[in-house]
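Q:
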């Protein structure tokens, strides 16, 4: 029972393996931000970076809102222009409740030079023309053409703004990811980090391009429409806003009810997708254990529940529309009745038919933003929650890198010393307890020990992926904390168990350790690593593009590429974590040969899994319980019959019989 | 798509009812502007109600003896409006219910039947689909189809109804208004078509560039150590900036195209309104009969509705193509006939030979060249431990997987317990076998849950016993909650060795007749592996064990070791004997024991 094994539920394994390529899980549930104000503030700062775009956007929105608000007024006036106002021909008094059979009656429009003659109820003729009408219509036409053009530019600018903001956000997030200490990527699910880059950024982008503009214009329209209504008729405005509390109340109540089903639906959907993902990705195991039936049964239960819940969610969701319609029409009828009464009974605050039409149009514009804001609410909350998750990563502390001592590779001989090093990943579980180790320049050191004894930790500390808790590590007598990390890591090359390759050409992958290397140097490195022959057999040779994660190569070929990369780096210090994975004998032999030639003339630290490596080592270091239990060469240690002898029997020689 | 619609059949009543209910709702919606025009014309403007037969008929019902004031007219038609709104809302909600019921039930059936199909496919078939694609088909694609069906049931009637109804009502107001539609609709449609025709092909590029961004991030998160060790952070930032910039520019390009849509719609809609008022106004001025202000107002509403319905149809066409693609992908799953189908036998013959390969050959489907395996003949005795060694890709895994019928041999036959494997029901065959796979897949749940996966009704004592055999008891009991400790997603919280031991415990708890360890001990150190082998030998005497391993140390104590070379078993003998007769085995041994040519 080792310390590492105990850590099971406390934290994910801290082994060197990069692994864990989780799929970015789509996050379908609506999330609530923790601190809305702070998230908004920071997001606004990002948007604010494109100050002029933002100002332009706001100006455009103001212009559009004004133009749109002018629409109903003009439309009302246009209708007034076609609808005459009737006056008593004798007194000039406006007739609201006229009697067409009255012989004295004559209709004259006040707004136009437009006469309608009735005699005894019969239309006997019209004269004049709708002078105002064409002007109003022309004005409307101009305003809407203008409005469309403004709309187009608003769309362009909103797109530019959102893309620029998201570009910056992604860039900052990525820059942070590349500055994060390894402990962060080790202790967080990769899928989770990925989903911040994909889903969360996507949500923020949508919110900026859609929600923010529609929210702003909704707010502007709300204020503008209210003002216009007040201007037209304060009395009718009063009637119009009677229904507002009603619609807020009803939509609040209904929304609460709806949300309950939606939340449940999202949860079931999550559970369903989870079970599909788990069972399909582990299908071989499912088949091997004959669990297909159980899997289907489990799935059916969730699926049935989901069906019921989805129906309820949809029905409640669709009730909202008709209810809001009803309230809207109620408002319409109230307004029409009020307007009608005002026209009929005249008196102070009298109003024209066109004005009623405008009022009705404004009242629609007045209620729509309320719905619009409600619609955008969840999208904005989700975006803010996403922004928070992005900022949470951006706010993580950078890797500590305070060394100032600039050194050239030539300055370094390559001796290493661990001096009384203490280290733990989790406070209560020390891994290294006063570890001491001295390696002379050019020596080959094999580190052996049981799983979890701290072999990998030694590598993590030397490369400063993690920082020592106590004690110090020196290279050529210099504390590695005094050397900038970039400089330190230039001295060191590491070859890990799991080879990391990039979705790029083989050439780029080998040159990864030294991008300024020439092609000749690169090919020399590949030859050295015994990789040249298989590379040349590939259809595009060195220009073959590797799949994501290099899956079009075998494990052994991948390892050879990693070795070639290390050869090209030409480091002073080499760290090898020998792979345990299964490779066929022929490739295995090549890898060993390549490794041996790689180690020549360098200080090498090898986490050894192969007997041949151990035998070749200058010094074998046996790590146990966070300290060195024994060190020496193979024969001496074996003769001593201590910890190494036990380990040798166990791990390398086969089962002692 | 048509084939999938068969799943809608059991719910045809709900499905068929939905369009009718929707027609009810649309009719109510269409009546509203008419009622509004009555309010305006006869209530507010005080025109003669006799001009409209419908209006005078309606008012006649409530005021048979006349004597109504214009305010009465407003209130009466106002109440009628509200009633119609309510009826429309009622139809709408009912339609939502029937449509949701039909589509969700359809989705549920489709989902379950697709999942059942997935769970009956052979490994080779699922491999061909790839697991990622199966997951998307089961989730996103089916969800897309369900959305689509629901939309058809509701919207495919709604939009044309609005279009047709709105047009008819508009024309009954005045035929001249038709001219407006005749001009505005083609303009709108052509613009929409031009924009979409250019934008849609770009969506693919957007996806590719998004993938590229994700790929770079993935590599940097997963390969953080190499990036840092190579001090390539700046290079990676440049690489990312390139991908990010490319994504930004294509996104902007698409958005710029799409930005044309809203202005065009607004322009067309409002110019149409202007045209309506102009036509109406000049007709009123000219004293053309029947044209009134109320009519113009109603006509404005209908025109807006008709143009909106065009937008709705455009949106629908976009989703049709997506739903079609999804339907095709789901149908591919449903149309795949399982290639491995079980027989009916449930019991073996109790033969002495647990597993027998008779002239077995295997070739992956659709591959040319030499078969993976050919002419493999071997009997494994009951209770024997057989090890299989060979190079990667030599067919070791395929050989043992054929026992459990993950694949079927392309030649020869395999007998388990004296009976060809095809004769057993799959359940019965696999019940006999405890199979520990190369990759140890664990499930979310507790440690005990994961062990009980092997046998659901195992008591906790049996779970502990299995863990003890698998050498897992030690680390499990080290957890704070020992057997109740939670195992994270895919066992992410466990080390490789721990996962392998839990998977072995899961197989052991079945107490199987045949235990197959397919390279399942690679992450164990040799002392643990030795203890495991000892425990298997002593506590599971009757179980036939077949072990695939890379390390000689893992196999040398097996009763017999089979060496696979050139696609067949060349030698099968105990360790010592094999060292003498098999050159390949000697090579493997030498390279691993460091005595041979491995190090020069």
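Protein chains in written order, with this note's numbering: chain A, 36 to 692; chain B, 329 to 928. Even for Gly, the Cβ is constructed at its ideal location relative to N, Cα and C. Keep in mind it's a predicted model, so treat the numbers as computed, not measured.
1. Under 8 Å, do residue 702/B and residue 896/B count as touching if we go by C-beta distance?
2. For residue 637/A, which of 531/A, 664/A, 477/A and 676/A has the nearest alpha-carbon?
3. Answer with yes or no whether the minimum CB distance from residue 512/B to chain A is below 8 Å.
4. Just tell me which of 475/B, 484/B, 368/B and 414/B has its CA closest to the CA of residue 640/B.
5. How about residue 899/B: is its C-beta nearer than 8 Å to some C-beta of chain A?
6. Whose C-beta lies closer than 6 Å to the C-beta of residue 831/B among residues of the same chain, with five residues either side of it excluded?
7. Do the CB positions of residue 274/B and residue 842/B come within less than 8 Å of each other?
8. Can you look up residue 481/B in the DSSP assignment and give me helix, strand or coil?
9. Can you pull the chain B neighbours of residue 187/A, defined as C-beta to C-beta under 7 Å?
10. By Cβ distance below 8 Å, which residues in the same chain neighbour residue 786/B in space, the five residues on each side in sequence not counted?
11. Among residues of its own chain, excluding the 5 on either side of residue 482/B, which ones have a beta-carbon nearer than 8 Å to its beta-carbon?
12. Give me the subset of the stretch 190-202 of chain A whose CB atoms are less than 7 Å from a CB atom of chain B, sorted by chain position.
13. Is residue 358/B helix, strand or coil when you go by DSSP?
14. So which residues of chain A does residue 781/B contact, with C-beta pairs closer than 9 Å?
15. Step through the CB atoms of chain A and report whether any lies within less than 8 Å of the CB of residue 902/B.
16. Write down the C-beta distance between residue 328/A and residue 489/A rounded to the nearest angstrom, noting that I regard them as a contact closer than 8 Å.
17. Report the CB separation of residue 429/B from residue 337/A in whole angstroms; it is logged as a contact under 8 Å.
18. Tell me the rounded alpha-carbon separation between residue 425/A and residue 235/A.
19. For residue 631/A, which three-state DSSP category applies?
20. Could you pull out every residue in the same chain whose Cβ sits closer than 6 Å to the Cβ of residue 871/B, ignoring the five residues on either side in sequence?
21. Out of 607/B, 588/B, 508/B and 626/B, which has the shortest C-alpha to C-alpha gap to residue 521/B?
22. Whose C-alpha, out of 560/B, 824/B and 544/B, is nearest the C-alpha of residue 551/A?
23. What would DSSP say about residue 910/B, mapped onto helix, strand or coil?
24. Could you tell me whether the Cβ atoms of residue 307/B and residue 353/A are closer together than 8 Å?
25. Can you tell me where the alpha helix (DSSP H) with residue 636/A in it begins and where it stops?
26. From residue 207/A to residue 534/B, what distance separates their C-alpha atoms?
27. Taking the straight line between their C-alpha atoms, what separation do you get for residue 538/B and residue 575/B?
28. Throw me the rounded Cβ distance for the residue 714/B and residue 886/B pair, which I believe falls under 8 Å.
29. Got a sec? Which residues, its chain only, sit under 8 Å from residue 64/A by beta carbon, not counting five neighbours each side?
30. Output yes if chain B places a C-beta closer than 8 Å to the C-beta of residue 148/A; else output no.
31. Looking only at C-alpha atoms, which of 541/A, 485/A and 214/A sits nearest to residue 679/A?
32. What beta strand (DSSP E) runs, 3 residues minimum, are completely inside the stretch 495-552 of chain A?
33. Below 8 Å CB to CB, which residues in the same chain sit around residue 898/B once its five sequence neighbours on both sides are set aside?
34. On the DSSP letters alone, give me the boundaries of the beta strand (DSSP E) that residue 703/B sits inside.
35. Relative to the C-alpha of residue 625/B, which candidate in 363/B, 415/B and 543/B has its C-alpha closest?
36. Which residues, in order along the stretch 754-765 of chain B, keep a beta-carbon less than 9 Å from a beta-carbon of chain A?
A: For this structure:
1. It is a contact, given that the beta carbons lie within the stated cut-off.
2. Residue nearest to residue 637/A within the set 531/A, 664/A, 477/A and 676/A is 477/A (criterion: CA-CA distance).
3. Not one chain A Cβ lies under 8 Å of residue 512/B.
4. Residue 640/B has its Cα closest to that of 484/B, out of 475/B, 484/B, 368/B and 414/B.
5. Not one beta carbon of chain A lies nearer than 8 Å to the beta carbon of residue 899/B.
6. If we look at residue 831/B and ignore the five residues flanking it on each side, its Cβ neighbours are 764 and 768.
7. Because residue 274/B is not part of the residues shown, which for chain B are 329 to 928, the question remains open.
8. DSSP, reduced to helix, strand and coil, places residue 481/B within a helical segment of the structure shown.
9. In chain order: 587, 588 and 591.
10. Within the same chain, Cβ atoms closer than 8 Å to the Cβ of residue 786/B are found at 779, 780, 794 and 837, the five residues on either side in sequence being excluded.
11. Here the set comprises 346, 350, 423, 424 and 427.
12. Those would be 190, 191, 194, 195, 198 and 202, in chain order.
13. In this structure, residue 358/B counts as helix in the three-state DSSP scheme.
14. Chain A residues near residue 781/B: 320, 324 and 326.
15. So, not an interface residue.
16. That pair is no contact at about 46 Å.
17. Separation of the CB atoms of residue 429/B and residue 337/A is rounded to 19 Å, and the pair is thereby denied contact status at 8 Å.
18. Here the alpha carbon of residue 425/A sits roughly 7 Å from the alpha carbon of residue 235/A.
19. It is helical.
20. So the list reads 843, once near-sequence residues are dropped.
21. Answer by Cα proximity: 588/B.
22. If we check each option's Cα against that of residue 551/A, 560/B comes out closest.
23. Reduced to three states, the DSSP call for residue 910/B is coil.
24. Since the first residue of chain B shown is 329 and the last is 928, residue 307/B is not available in this structure.
25. In this chain, residue 636/A is not harboured by any alpha helix (DSSP H), its DSSP state being neither H nor E.
26. Our two residues, residue 207/A and residue 534/B, have alpha carbons roughly 21 Å apart in a direct line.
27. Answer to the nearest angstrom: the Cα atoms are 6 Å apart.
28. The beta-carbon distance between residue 714/B and residue 886/B, rounded to whole angstroms, is 6 Å. This is short enough to meet the 8 Å contact definition.
29. Any reading at residue 64/A needs caution, since the residue's pLDDT is 42, under 50, leaving its predicted position unreliable; the model's value is listed next. Hits under 8 Å: 298, 301, 302 and 305.
30. The predicted model places residue 148/A with a pLDDT of 37, which falls under 50 and marks its position as unreliable, so this point remains unresolved.
31. The shortest Cα separation from residue 679/A among 541/A, 485/A and 214/A belongs to 485/A.
32. Taking only runs of at least 3 residues, the beta strand (DSSP E) segments lying wholly in the stretch 495-552 of chain A are 505-510 and 527-530.
33. In its chain, beyond the 5 residues on either side, 891, 892, 910 and 912 have a beta carbon closer than 8 Å to the beta carbon of residue 898/B.
34. Taken as a continuous stretch (DSSP letters only), the beta strand (DSSP E) holding residue 703/B covers 701-709.
35. From the listed residues 363/B, 415/B and 543/B, the smallest Cα separation to residue 625/B is found for 363/B.
36. Answer in chain order: 754, 755, 756, 757, 758, 759, 761, 762, 763, 764 and 765.
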